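Asks:
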Amino acid sequence: MKKTVLIMLVLLIGITLVFTSCGKKEADVAEEAKVVEEAKVVEEAKVVETIKIGVAGAHTGDLASYGLPSVNAVELVVANVNAAGGIDGKMIKLVIEDDQCKPEIATNTAAKLVGEDVVAVIGHICSGATKAALDIYNESKIVVISPSATSPPLTKSGDYPNFLRTIASDDAQAVLQVDFALNVLESKKIAVLHDKGDYGKGLAEFAKAGIEESSAEVVLFEGVTPGAVDYSAVINKIAQVGADAVIYGGYHPEAAQLIGGMRAQGLDIPFIGCDGVKDATFIAVAGDDAEGVYATAPVDTTSNLIAVKAGKEHLAEYGEEYGAFFLNAYAAALAIVNAIDVANSTDYDAIMAALKSEYVETPIGNISFDERGDAIGVGFAVYQVKNGKFSQLD
Amino acid sequence: MGFDYFFKLFIGGLTKGSIYALIAIGYTMVYGIIGLINFAHGEVYMIGAFTALIVAGILSVLNLPMFAVLMIAVVIAMIFSAGYGFTLEKIAYKPLRNAPRLSALISAIGMSIFLQNYVLLAQTSNFLPYPDMIPDFAFLEPIKQTLRTTQLIILVVTAIVMILLTLLIKFTKIGKAMRATSQDRVMAMLTGVNVNRVISVTFVIGSSIAALGGVLICSHTGRTHFYIGFLVGIKAFVAAVLGGIGSIPGAVLGSFVLGFTESFGAGYISSDYEDVFAFVILILILTFRPDGILGKSTKQKA
Chain B
22 MKKTVLIMLV LLIGITLVFT SCGKKEADVA EEAKVVEEAK VVEEAKVVET IKIGVAGAHT
82 GDLASYGLPS VNAVELVVAN VNAAGGIDGK MIKLVIEDDQ CKPEIATNTA AKLVGEDVVA
142 VIGHICSGAT KAALDIYNES KIVVISPSAT SPPLTKSGDY PNFLRTIASD DAQAVLQVDF
202 ALNVLESKKI AVLHDKGDYG KGLAEFAKAG IEESSAEVVL FEGVTPGAVD YSAVINKIAQ
262 VGADAVIYGG YHPEAAQLIG GMRAQGLDIP FIGCDGVKDA TFIAVAGDDA EGVYATAPVD
322 TTSNLIAVKA GKEHLAEYGE EYGAFFLNAY AAALAIVNAI DVANSTDYDA IMAALKSEYV
382 ETPIGNISFD ERGDAIGVGF AVYQVKNGKF SQLD
Chain U
757 MGFDYFFKLF IGGLTKGSIY ALIAIGYTMV YGIIGLINFA HGEVYMIGAF TALIVAGILS
817 VLNLPMFAVL MIAVVIAMIF SAGYGFTLEK IAYKPLRNAP RLSALISAIG MSIFLQNYVL
877 LAQTSNFLPY PDMIPDFAFL EPIKQTLRTT QLIILVVTAI VMILLTLLIK FTKIGKAMRA
937 TSQDRVMAML TGVNVNRVIS VTFVIGSSIA ALGGVLICSH TGRTHFYIGF LVGIKAFVAA
997 VLGGIGSIPG AVLGSFVLGF TESFGAGYIS SDYEDVFAFV ILILILTFRP DGILGKSTKQ
1057 KA
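Given below as structure tokens:
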């Protein structure tokens, strides 16, 4: 008896394994972090006069994969510029410093770069480290362009006049969601939902603040519980308060369940998600209900000619596809090179003036910088699900 | 906020309560018989949902009517999950039956983590769309804002399961043996009850009901994931404790109390605090009735 039971068990588990292994398998190939020597001197100066540019960010540690692509990007741009004779004959020399995305290390990194007399810094990568380092650069009047620090106060607070970035700030997305709801959909009563997480709730709060400044009304501001089995209570509430649009901050699993429930209960109002929703899995899970859903996400620049060229350069030089923030860093490097060229000097005020007045063709579009340091021409676009695919609206 | 809104929330609470009840039954039955909190129960529910998903995927090539697909998928899911429940007990709990309670509890948590990771590796870490196996009834179309087809099915199925289970426990031989084992395992054994068999049957019944719940709930939410068992399992466990763990009517009552609390709390106050309401009601009830609403007061012997 016992033996037959055991045999049955083994068979049962065996059968299950056979069935289940029919499912998808995804082998995520872990990207090995490259170790970059600290303070690596890329190009030995052959001419007497050089212009030093610092590159700072996480080059080792957990977040190295966020920082290293930027180093590659700047190296590629500088190699091109130097090969073409430099800026008015002056060669660019890079000073690369690691901050591991840690604020306490970032201050040392900044002090080192200041000591090296760099004209400008491309970095840092993480918002926290950037904030810590900015005061030091500010005192020494050094231009800082981050390819990736998205924390809104870095530009909005006005504390860091030397700071610029080639990525849209976190609240830019909420601004676009609200703008789209108010001006394109002409919504008057908007329900703002989020998933209670840092990202989703932060976004929802920016959206709420934006709507409250307008003539429209936030009729509902609530979090849904991720993983809950039933959202009918909150969906009933959306219907009850008479919302004519939903703005959502959070990720796609909850969004898919919400939209499924809303459509099943016959609530056909527009749903405006964010870049956490703009994911192929969202469409796969929500199915037909996904059709017509809006989502804001960064403007698709992969078909930009400069981006394509930069990608090819990267492949030729490093033998692999580029990583996170590569195009943003490439754009930052192009912008600073152009500014030094136009200003015809390495004077802080002259470079800053050039950065804020000149438009530069970059892999992320034709960009310049506004008074506060946010890039003009970089940002988010509204996408809509059409025929099972997200397509960018004009 | 008229009666209409109240009624919608009432239906929502009823649905949630039914969902929790289908899973809470498994917790409470096992606890009633062997005094173990089977933390892997939520995973059995998840495996039921996945089995039905795979079966439905395979059957979709045959172009069978949706109703037939649903039936076959549910039956196979129930059989598979019952197999898992049975195996779970044999592998993880039976060798520890006379060990301290804590050992069995750790074993249960271990099985829970094992099964989650097993499905994660064998399937995927992504969310998967769940097939629309329950077609929308045409007669519900005008009132779909209040009552969706999946909600109606969940309510009806839960009611049927409750009635069948009550009949089983009250009027069959195995039901009698279960009650005897629950009251006093040693004495039951002395009077000739095959306790091992009773325990296995308990796991099989609890697991197959959980699988049924898994299929219905995933059809309702439209998605599945290897982690769904954990969150729902915790809620159902809370429901079982609320009603008095070990008691089947208690688990059902506890589930409805929890479902209504969450639904009305979210509807009238804020869904930000959905979980807060659930646990506040748990604390309140346990403060005044430490053994749960229908729990029998069991004095621990010194």
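Line by line, the protein sequences give chains B and U.
Under this note's numbering, think of the first position of the first sequence as 22, with each following residue one higher.
Under this note's numbering, think of the first position of the second sequence as 757, with each following residue one higher.
Idealized CB from N, CA, C, for every residue including glycine.
These figures come from a predicted structure and were not determined experimentally.
Given that GLY144(B) touches chain U, what residues does it touch there, using C-beta distances under 9 Å?
Replies: Position 123 of the first sequence holds residue 144(B). Those do not exist, as GLY144(B) stays about 32 Å from chain U at its closest Cβ, beyond 9 Å.
Asks: Using only the alpha-carbon positions, how far apart do GLY221(B) and TYR269(B) sit?
Replies: Counting from 1 along the first sequence, the entry for residue 221(B) is found at position 200. Counting from 1 along the first sequence, the entry for residue 269(B) is found at position 248. Their Cα atoms are separated by approximately 8 Å.
Asks: Distance cutoff 8 Å, beta carbons only. Does ALA6(B) sit that close to anything in chain U?
Replies: Only positions 22 to 415 of chain B appear in this structure, which leaves residue 6(B) out of reach.
Asks: Go ahead and label THR130(B) buried or exposed: buried means 16 or more other beta carbons lie within 10 angstroms of its beta carbon, across all protein chains shown.
Replies: As a first step, residue 130(B) must be located in the first sequence, where it is residue number 109. Burial call: buried.
Asks: DSSP three-state call for VAL381(B): helix, strand or coil?
Replies: Indexing the first sequence from 1 puts residue 381(B) at position 360. Strand, per DSSP.
Asks: What number of angstroms, rounded off, separates the C-alpha of ALA51(B) from the C-alpha of TYR339(B)?
Replies: Looking up residue 51(B) in the first sequence gives position 30. Looking up residue 339(B) in the first sequence gives position 318. Any reading at ALA51(B) must be qualified, since the residue scores a pLDDT of 38, below 50, and its modelled position is unreliable; the value itself is stated next. Taking the straight line from one Cα to the other gives about 17 Å.
Asks: Please compile the residues from chain U whose C-beta is within a distance smaller than 7 Å of the C-beta of GLY281(B).
Replies: As a first step, residue 281(B) must be located in the first sequence, where it is residue number 260. Within 7 Å Cβ-Cβ: GLY978.
Asks: Using a Cβ-Cβ cutoff of less than 8 Å, which residues in the same chain neighbour LYS229(B) once the five nearest sequence positions on both sides are dropped?
Replies: Here the question's residue 229(B) lines up with position 208 in the first sequence. Contacts found: VAL213, VAL239 and PHE242.
Asks: How about GLU845(U) and ILE955(U): are their beta carbons less than 8 Å apart?
Replies: Position 89 of the second sequence, counting from 1, holds the residue named residue 845(U). Position 199 of the second sequence, counting from 1, holds the residue named residue 955(U). Yes, the pair counts as a contact, with Cβ atoms nearer than the cut-off.
Asks: Which value, in whole angstroms, describes the spacing of the CA atoms of LEU1038(U) and HIS976(U)?
Replies: Locating residue 1038(U) in the second sequence gives position 282, where the first residue counts as 1. Locating residue 976(U) in the second sequence gives position 220, where the first residue counts as 1. Spanning the two alpha carbons is a distance of roughly 26 Å.
Asks: For ALA264(B), which residues from the same chain have a beta carbon less than 7 Å from its beta carbon, with the 5 sequence-adjacent residues on both sides left out?
Replies: Counting from 1 along the first sequence, the entry for residue 264(B) is found at position 243. Cβ neighbours of ALA264(B) beyond the five flanking positions: LYS210, ILE211, ALA212, VAL240, LEU241 and ILE290.
Asks: Express the C-alpha separation of THR171(B) and HIS335(B) in angstroms, rounding to a whole number.
Replies: Here residue 335(B) is taken as the residue at index 314 of the first sequence, counted from 1. Here residue 171(B) is taken as the residue at index 150 of the first sequence, counted from 1. Going from the Cα of HIS335(B) to the Cα of THR171(B) covers about 25 Å.
Asks: Assuming contact is defined by CB atoms lying nearer than 8 Å, are ASP362(B) and ASP109(B) in contact in what I supplied?
Replies: Here residue 362(B) refers to the residue found at position 341 when the first sequence is read from its first residue. Here residue 109(B) refers to the residue found at position 88 when the first sequence is read from its first residue. Cβ atoms of ASP362(B) and ASP109(B): closer than 8 Å.
Asks: Just to confirm the assignment, what range does the alpha helix (DSSP H) spanning THR317(B) have?
Replies: As a first step, residue 317(B) is located in the first sequence; it is residue number 296 there, counting from the start. Looking at the DSSP string, THR317(B) is not in any alpha helix (DSSP H); the run it does join, the beta strand (DSSP E), is 315-319.
Asks: Assign PRO898(U) to one of two classes, buried (16 or more other C-beta atoms within 10 Å of its C-beta) or exposed (fewer than that).
Replies: Translated into the one-based positions of the second sequence, residue 898(U) becomes position 142. Result: exposed.
Asks: Please identify, using Cβ separations under 9 Å, the residues of the segment 849-883 of chain U that lie next to chain B, in order along the chain.
Replies: So the close ones are TYR874, VAL875, LEU877, ALA878, GLN879, THR880, SER881, ASN882 and PHE883.
Asks: When Cβ atoms are compared, which residues of the segment 985-1010 of chain U fall closer than 7 Å to chain B?
Replies: So the list reads LEU987 and VAL988, given in the order they occur along the chain.
Asks: For PRO291(B), decide whether its Cβ has a neighbour in chain A, counting only Cβ atoms nearer than 8 Å.
Replies: Protein chains B and U are contained in the structure displayed, whereas chain A is not.
Asks: Taking a Cβ distance cut-off of 9 Å, strictly less, list which residues of the segment 761-786 of chain U are near chain B, in chain order.
Replies: Result list: TYR761, LYS764, LEU765, ILE767, GLY768, GLY769, THR771, LYS772, ILE775 and TYR776.
Asks: Please classify ALA848(U): is it buried, with 16 or more other beta-carbons within 10 angstroms of its beta-carbon, or exposed?
Replies: In the second sequence, residue 848(U) corresponds to position 92, counting from 1. Burial call: buried.
Asks: Quick one: grab the DSSP three-state call for VAL403(B).
Replies: One-based indexing of the first sequence puts residue 403(B) at position 382. If DSSP states are grouped into helix, strand and coil, VAL403(B) belongs with the strands.
Asks: Expressed to the nearest angstrom, what Euclidean distance is found between the alpha-carbon atoms of THR1017(U) and ASP216(B)?
Replies: Counted from its first residue, the second sequence places residue 1017(U) at position 261. Counted from its first residue, the first sequence places residue 216(B) at position 195. Near 20 Å, if we compare the C-alpha coordinates of ASP216(B) and THR1017(U).
Asks: What did DSSP end up calling GLN413(B) once you bin it into helix, strand or coil?
Replies: Counting from 1 along the first sequence, the entry for residue 413(B) is found at position 392. Correct three-state label for GLN413(B): strand.
Asks: For the candidate residues ALA254(B), VAL199(B), GLY244(B) and LYS258(B), whose alpha-carbon lies nearest to that of GLU234(B)?
Replies: Stepping through the first sequence from its first residue, residue 234(B) is reached at position 213. Nearest option by C-alpha distance: VAL199(B).
Asks: What whole-angstrom Cβ distance do THR784(U) and ALA996(U) have, given they're in contact under 8 Å?
Replies: Mapped onto the second sequence, residue 784(U) falls at position 28. Mapped onto the second sequence, residue 996(U) falls at position 240. About 4 Å; that satisfies the 8 Å criterion.
Asks: In terms of alpha-carbon separation, which member of ALA153(B), ILE143(B) and VAL142(B) lies closest to ALA127(B)?
Replies: One-based indexing of the first sequence puts residue 127(B) at position 106. Selected option, being the one with the closest Cα: ALA153(B).
Asks: According to DSSP, is LEU1042(U) part of a helix, a strand, or is it coil?
Replies: Walking along the second sequence from the start, residue 1042(U) turns up at place 286. Here LEU1042(U) sits in helix by DSSP.
Asks: Kindly indicate which three-state DSSP category LYS73(B) falls into: helix, strand or coil?
Replies: For the purposes of this step, residue 73(B) is identified with residue 52 of the first sequence, where counting begins at 1. It is a strand residue.
Asks: Can you tell which of ALA878(U), TYR886(U) and ILE909(U) has its C-alpha closest to the C-alpha of PHE893(U)?
Replies: In the second sequence, counting from the first residue as 1, residue 893(U) sits at position 137. Here the closest residue by C-alpha is ILE909(U).
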